[in-house]
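Numbering follows UniProt numbering, in which position 312 of the sequence shown is assigned residue number 312; successive positions increment by one, without gaps.
First the structure, in the form of C-alpha cells, and then the observations on it.
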Amino acid sequence: MDKKKAAVPLVCHGHSRPVVDLFYSPITPDGFFLISASKDSHPMLRNGETADWIGTFEGHKGAVWSSCLDNNALRAASASADFSAKLWDALTGDVLHSFEHKHIVRACAFSEDTKRLLTGGFEKILRVFDLNRLDAPPTEVDKSPGSVRTLTWLHSDQTILSSCTDIGGVRLWDVRSGKIMQTLETKSPVTSAEVSQDGRYITTADGSTVKFWDANHFGLVKSYEMPCNIESASLEPKSGEKFVAGGEDMWVRVFDFYTGEEIGCNKGHHGPVHCVRFSPTGESYASGSEDGTIRIWQTAPNHEENEKRVKHGVDEVAKKIEGFHINNKEAKNSERPSSDA
C-alpha cells in the first residue's frame, strides 16, 4: 500500500482515565451528539460534528463502562462499576433515575422506541426497565451464559443482541420469550458489536478478527483477520464501503469492506484503542483510548482510489470497443460507487 498523508484528528481532552465506550446519537433537529464512557466515572457529552464539549454527567462513584443517548438525544444512560445504571436528562445533566443492581453493570442500551432501557453485566442477567414507570421492577431475560459485555437492540425491539466477557459468540434473544433463539459463533469473546444504521449488518470484533453478519438471516457475510487484537470495529453508515477498527497496537485502521484491504492507518493515540464509532453522517469517526483522549478523524476522500477507478473505467471502455467483449467481474468492480463519504 502506498504511503498516504497522515490524518490530523480533532483531539478531545477532558477524561482523566481510559475512554472505554463511545456512542453517537442519530441526527436530530439540533445536529448529532457524542457521549463517552470512561473509567474516571464521568460520562461526557460533545457536539458530534465539532467535538465541542457540552457537559459532564456527575453522579457515578465507579468506572463507567457504557453510555448511550436516546434517538432525540434528550436523555442519556450509563452503566457503571458502582452497581448502578443511571438515566440522565441530557439537557440539564440531572439524574432522572438510578437503577440499582447487585454487581458491576457493563452495558446499557435504549430501545429503538426509547421507552425501555436494557442493562447487563457481571450478574449475568439482562434486565429491561420501563422508562414510563421508573419505579416498576424490570423484566428479566433468561440468564446469560456469561458475564455480559455488550448489548444492543434490533428488529424494531423484538430481538436483543448480547456478548460475554469470558466466552465467545453473540447471542440473539427473543424479547417475547426471553430465550436465546440463535448464537453467532466466534472463537474469542466478542468485545464490540454494532448494528449498521440501515439494519443490514451486525459488525463484531473478536480477538484479531472483524466479522460482518446478515442482521436478518444471521449468516456470516465477511470475516477479516486484522494485524493485531482488535477491541472495536464500526461500519461506515452511508455507502457501507469501508470500516474502521482499533485495538492493542494504538492505531486506528480503515479497511475496504469488500476486500478487507487496509486503505488507511491513523496514528496518534498513546495507548490501546478501546472503542471506535462512525458518526451518523459517515463524514467522520471517533476513537477512544487507554490514553484518556477521544480523537475524531475526518473520512477524507481517497483521491488515489478515485483516479484508479476512473482509469480502470477508461481501460474497460477501450477493451469493449476493441474486442466487443465484456468481462463481467471487472465491469462490476468498475461500476461500484465511489467510497467517498
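We put the beta carbon where it would ideally sit given N, CA and C, even for glycine.
8 Å contact criterion, which residue i and residue j should meet: CB distance rounded
i	j	result
V276	A215	Between A215 and V276 the Cβ distance is about 19 Å, and since that is not below 8 Å, they are no contact.
F99	A76	Not confirmed; about 13 Å, so no contact.
F257	I263	F257 to I263, Cβ: 10 Å. No contact.
G48	G31	7 Å
Euclidean distance between Cα positions of residue i and residue j
i	j	result
V170	G247	19 Å
S67	T259	32 Å
G219	L22	27 Å
F278	L96	28 Å
S334	V128	Low per-residue confidence applies at S334: pLDDT is 37, beneath 50, and the placement is therefore not dependable, though the value from the model is reported in the following sentence. Those two C-alpha atoms are separated by around 47 Å.
T183	V175	15 Å
V210	K187	12 Å
I125	G62	20 Å
A136	R116	12 Å
E283	S239	11 Å
V244	V252	7 Å
F12	S177	Looking at the sequence provided, one finds Cys at residue 12 rather than Phe. Going by the C-alpha atoms only, they are around 43 Å apart.
K308	K179	Low confidence applies here, because K308 scores a pLDDT of 41, under 50, leaving its location unreliable; read the following figure in that light. Going from the Cα of K308 to the Cα of K179 covers about 50 Å.
D157	E112	6 Å
P272	T165	18 Å
P189	T28	34 Å
F33	G14	16 Å
S223	R133	42 Å
I167	S147	9 Å
E140	D130	12 Å
Chain-order list of residues whose beta-carbon lies under 6 Å from that of residue i (same chain, five-residue window excluded)
i	result
L10	A51 and I296
A85	A79, F99, V105, C108 and T119
Own chain, CB closer than 7 Å to residue i, minus 5 neighbours either side, in chain order
i	result
V221	Y201, F212, W213 and D214
CB of residue i within 8 Å of CB of residue j, strictly
i	j	result
E236	S208	no
W65	V19	no
R17	G292	yes
L172	T159	yes
I294	S41	no
Per DSSP, cross-strand counterpart(s) of residue i
i	result
G219	G219 is not bridged to any residue.
E140	R127
W88	A76 and V95
L22	S36
G264	V254
R295	V11 and S287
R116	D130
I160	W153 and W173
Own chain, CB closer than 8 Å to residue i, minus 5 neighbours either side, in chain order
i	result
F83	G62, E100, H101, K102, H103, I104 and V105
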